[in-house]
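To start, the structure itself, in structure tokens.
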Amino acid sequence: MEFITIILFCSTLPYTLLNSLAVDTIRPNQTVKDGETIVSAGGEFELGFFSPGSSTNRYLGIWYKKISNKTVVWVANRETPLNNTLGMVRVNGMGITLQTANTSDGLIWSANTSRPMKNPCLQLLDTGNLVLRDEDQDINDVEDFSWQSFDHPGDTQLPGMKFGVDLVTGINRYYTSWKSVDDPSLGSFTYSFDYNGYPQLLLWKGTVIWSRIGPWIGYKFGGIPIYIPGEIYRYTFVLNEKEIYNKFDAVDKSSPLLRAVLTPTGVTNILLWNDQHQIWKVYISYQVTDCDRFGFCGAYGICYINRTPRCECLKGFVPKFPEKWNALDWSDGCIHRTNLVCGTEEGFLKFSDVKLPDTRDSWYNLTIDRQECERLCLNNCSCTAYANADVRTSGHGCILWFKELMDISDYKEDAAEIYVRMPSSELVKSRRSRVKRQIQITLITGALSLVLFAVIFVLVLKKRKRQGEVNRSLESFTLRKSGSGDMDLPLFEFERIAKATSNFSEDNKLGHGGYGPVYKGMLDDGLEIAVKRLSRNSTQGVDEFKNEVSFIAKLQHRNLVALLGCCIEKGERILIYEYMANKSLDIFIFDEKIRNTMDWLKRYNIINGIARGLLYLHQDSKLRIIHRDLKASNILLDHEMNPKISDFGMARSFGGNETEASTSRVVGTYGYMSPEYAIDGQFSVKSDVYSFGVILIEIVSGMKNRLFCHPGHSLNLIGHAWICYNEDKLLQLIDKTILESSNQSEAFRLIQIGLLCVQHDPKDRPTMSQVVLMLSSDIKLPQPKQPGFFMERYLLDTDHIFTSPTLSSSIELTITALLPRQ
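Residue numbers (mature numbering (1 follows the signal peptide of the UniProt record, and there is no 0)): -18 to -1, 1 to 804.
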């Protein structure tokens, strides 16, 4: 049998460097000697020996050739490092072996093939895949490789790599973290496909399930907060009798380098390579929160990430051990309030907008409809619940559960529904509860009708004063109805809020918005809150109040402020939010005294956070939401200076196929509104993109758009940025307080992105998915065209929101037709 000997002598450098020989294929009688490596045909990857971090151990691995820091994507001998400076790889017809040159240390690592080869050939492909094949075999016949590194991944997933199991060969491709940045041996965390029921992704910490990404729900895996857009890569999930896997592929050759990595701390990051700065930038990060911890609320418990306490029992269930539950130990979960008795009139109670529970030991069929799924579950006494497998097509696919339901969380973005088996008594209670609510609504409606007639009579006499009370009465009724229905938003007692804010004392006052003051408060359990109290004597804000309650209660994202509840007692309109320790963004970037505390890194992170929050609203939330009043004062900052978009009183939602709309009631803030919205009342996601562009330029410059003054012209900040860009004087635009901490080329790039966002024609503006890609990669940017509203001048205070009842109302905007300097 012929041998191919590949000799790679480890140098004293961290990585074996390429000198004179560069080959991607090793054939009989060829060798790679000291100081040489195997290089992929396109020169994208290298195979050789390296020492990670500060370690002196030597490993055989694959890394990016053209990336300066030699990012390692695969390691052969993770558990058996070489402790000397000489290593040798031998290849024959039966596989690959790694030994020391003198063979005194025995076999270090090996990769064996299941069948012998006549003309063995080891080749490093341009995808980063190291393959062992017969030289006569077609290189494109991926399925017939005798061995490939893609079947034995480490902590990294590259484009084209399958993550999952081959049911024919038994190959299971899973990812295991490094122990540390200096040690590539097996770490604590492992990501793997579980296919003991309907397939799902499990993150293990040792032998314990640490977290769970739900099953495939038709367009993504359940519980993943961000559906990755198609500008960068395509996502594929395959489930058939031969294999179960997912993978991603680059959209085209111009796409930036992309990889997914499981870190030693258990965080999964999707990274983009920024060639300009020679660093990997985090594009998406999946971090485990309380509700992501597996079984955090126990069996039949549901976790709410934006509530305190986190866990509740599902309707029809009670805590198994009430004492533990009250002590915030939810691990034992819940039990049926009334025991199930098979054969009685049992039924199912629907729970909507949840991450489907653990599917281990479940049963599934992807062809039957929901009615058949319900029949199968009802006829099996062991069946505890059922659900559709595909949330996009109602009634398509079936999953049955046969054990306690574990690891459920409130997750509106999945739009998944599960039907839980209940005894007839609970279903009667549920029906009675609905009937009771309907009766109450009918009685209240009748009573209100009488009251309304009386109020109308009083209105004739007292007009405007009594009109406000009627509005609040109607609003209170509407919110109570919705608050106990679809939104599940807690209603706070007025006395509780008054106590938390020291009776709305001036000492607790944080500021004053367009419709009333905002106070800091602390609930009895120690939770800090922000309380927005709408003015009682204001006839404005009723619709905005309802709007904010209905929208923000359904949204969950780290860059959106969380609405904890509302209060509508005693004619009050109060919203309770999570407390933002650093108040609003405008304080930091426009205040001369504290602006210098906002260095470049903080500002860059804030810009990224706002962009991701908008991307969620425009693309990844259940409804496409247009904010319509995005401005610096509506960006709040938590104690770690993470940005959160707030104030959804003006927001509008679109259905899945809608892209734009118009209104006769233009609302927003001068200086942040797009031209098509302010003039014609037309709004779309591009309206928010325009506002984002204004904020971006304000953050970089430290100046406010409409209060900007320049001795040489009468343009606003956007117009000044346009001049600076065309005259190649962008350095004049950067805030002097960040000149030392900023990367000038990076700041220039952000200004260009901002100018792309504020272009006059909405068709020219990028989408937020494109903006996020521009911010997280170094893809080439197009040249911006003339911005809109860059010569506007107003006399009113920019912080005051205007509302126009009709489009014919006076809106003092001046639009110029000046062309950019050539």
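Yeah, the Cβ is synthetic: ideal placement off N, Cα and C, and Gly gets one too. As the structure is a prediction and not an experimental result, all values here were calculated from the model.
Does residue i pass the burial test, meaning 16 or more other C-beta atoms within 10 Å, or should it be called exposed?
| i | result |
| --- | --- |
| L107 | buried |
| R803 | Because R803 carries a pLDDT of 33, less than 50, the predicted location of this residue cannot be relied on, and the following value inherits that uncertainty. Flag for R803 reads exposed. |
| V531 | buried |
| Q353 | exposed |
| T151 | exposed |
| C548 | buried |
| V220 | exposed |
| F27 | buried |
| G702 | Note that residue 702 is His in the sequence shown here, rather than Gly. So H702 counts as buried. |
| V260 | For the sequence presented, residue 260 should be read as Gln rather than Val. So Q260 ends up on the exposed side. |
| P693 | exposed |
| I576 | exposed |
| S727 | exposed |
| L80 | buried |
| R97 | exposed |
| A535 | buried |
| T189 | exposed |
| G493 | exposed |
| L777 | At L777 the pLDDT is 35, less than 50, meaning the model places this residue with poor confidence; the figure from the coordinates comes in the next sentence. With fewer than 16 other Cβ atoms within 10 Å, it is exposed. |
| H539 | buried |
| I438 | exposed |
| Y760 | The amino acid occupying residue 760 in the given sequence is Asp; Tyr does not appear at that position. By the 10 Å Cβ count, D760 comes out buried. |
Taking residue i and residue j to be in contact with their CB atoms under 8 Å, please state how far apart those CB atoms are, rounded to whole angstroms.
| i | j | result |
| --- | --- | --- |
| L763 | Q734 | 5 Å |
| L240 | Y215 | 6 Å |
| D396 | G179 | Incorrect: roughly 18 Å between the Cβ atoms, too far for contact. |
| W345 | T366 | W345 to T366, Cβ: 12 Å. No contact. |
| G280 | S334 | With a Cβ gap of about 21 Å, G280 and S334 do not count as contacting. |
| C380 | C355 | 3 Å |
| F230 | P141 | 6 Å |
| F674 | L732 | Not confirmed; about 12 Å, so no contact. |
| K626 | V543 | 4 Å |
| W192 | F276 | 6 Å |
| K337 | Y393 | 4 Å |
| L296 | C273 | About 15 Å separates the two Cβ atoms, so there is no contact after all. |
| D87 | M99 | The Cβ separation is near 27 Å, so there is no contact. |
| L699 | K686 | 7 Å |
| residue 805 | N101 | The structure shown does not extend to residue 805, since the chain is modelled only from -18 through 804, so no value can be given for it. |
| G650 | R594 | Actually they are not in contact, since the Cβ atoms of G650 and R594 sit about 22 Å apart, beyond 8 Å. |
| G146 | I78 | Not quite, the Cβ-Cβ distance comes to about 24 Å (not below 8 Å), so this is no contact. |
Give a single yes or no on whether residue i has its beta carbon closer than 6 Å to a heavy atom of the ligand MN.
| i | result |
| --- | --- |
| F31 | Absent from the structure shown: the ligand MN. Ligands present: none. |
DSSP beta-bridge partners for residue i?
| i | result |
| --- | --- |
| M504 | E510 |
| I617 | I627 |
| Y227 | G146, V220 |
| E399 | S334 |
| M756 | DSSP output for M756 lists no bridge partner at all. |
| I390 | I284 |
| I214 | Answer is none; I214 lacks a bridge partner. |
| A367 | W383, V402 |
| T172 | T158, W186 |
| Y41 | F32 |
| V243 | T138, N251 |
| N65 | Paired residues: none, contrary to the question. |
| C739 | C739 is not bridged to any residue. |
| P499 | H494 |
| H378 | D351, D372 |
With a threshold of 7 Å between beta carbons, is residue i in contact with chain C?
| i | result |
| --- | --- |
| K604 | Here chain C cannot be found, since the structure has a single protein chain. |
Quiz item: Curious, which full-length alpha helix (DSSP H) runs of at least 4 residues does the region 264 to 331 contain?
Solution: 304 to 308
Practice problem: Say whether the region 143 to 159 touches the region 172 to 179, bearing in mind that this needs 3 or more beta-carbon pairs closer than 8 Å, one atom from each stretch. | Solution: yes
Quiz item: Are there three or more Cβ pairs, one per stretch, closer than 8 Å when the region 714 to 726 is compared with the region 672 to 687?
Solution: yes
Quiz prompt | Meets three-Cβ-pair contact criterion under 8 Å: the region 580 to 589 and the region 597 to 611 | solution = no
Quiz item: Does the region 265 to 272 come close enough to the region 238 to 254 that 3 or more CB-CB pairs lie under 8 Å?
Solution: yes
Self-check item: Every unbroken alpha helix (DSSP H) inside the region 557 to 627 [4 residues or more]
Solution: 567 to 572, 582 to 597
Practice problem: Specify whether the region 192 to 201 and the region 61 to 80 touch according to this definition: at least 3 beta carbon pairs, one from each stretch, less than 8 Å apart. | Solution: no
Practice problem: Give a yes or no on contact between the region 501 to 510 and the region 478 to 493, applying the rule of three or more CB pairs nearer than 8 Å. | Solution: yes
Quiz item: Taking contact to mean at least 3 C-beta pairs separated by less than 8 Å, is the region 397 to 405 in contact with the region 320 to 336?
Solution: yes
Quiz prompt | Stretch-stretch touch, CB-based, cutoff 8 Å, three pairs: the region 221 to 237 with the region 731 to 745 | solution = no
Exercise. Decide yes or no for the touch test of the region 560 to 572 against the region 614 to 622: beta carbon pairs closer than 8 Å, at least 3 of them.
Key: yes
Quiz item: Looking at C-beta atoms only, is the number of pairs between the region 180 to 187 and the region 48 to 62 that lie closer than 8 Å three or more?
Solution: no
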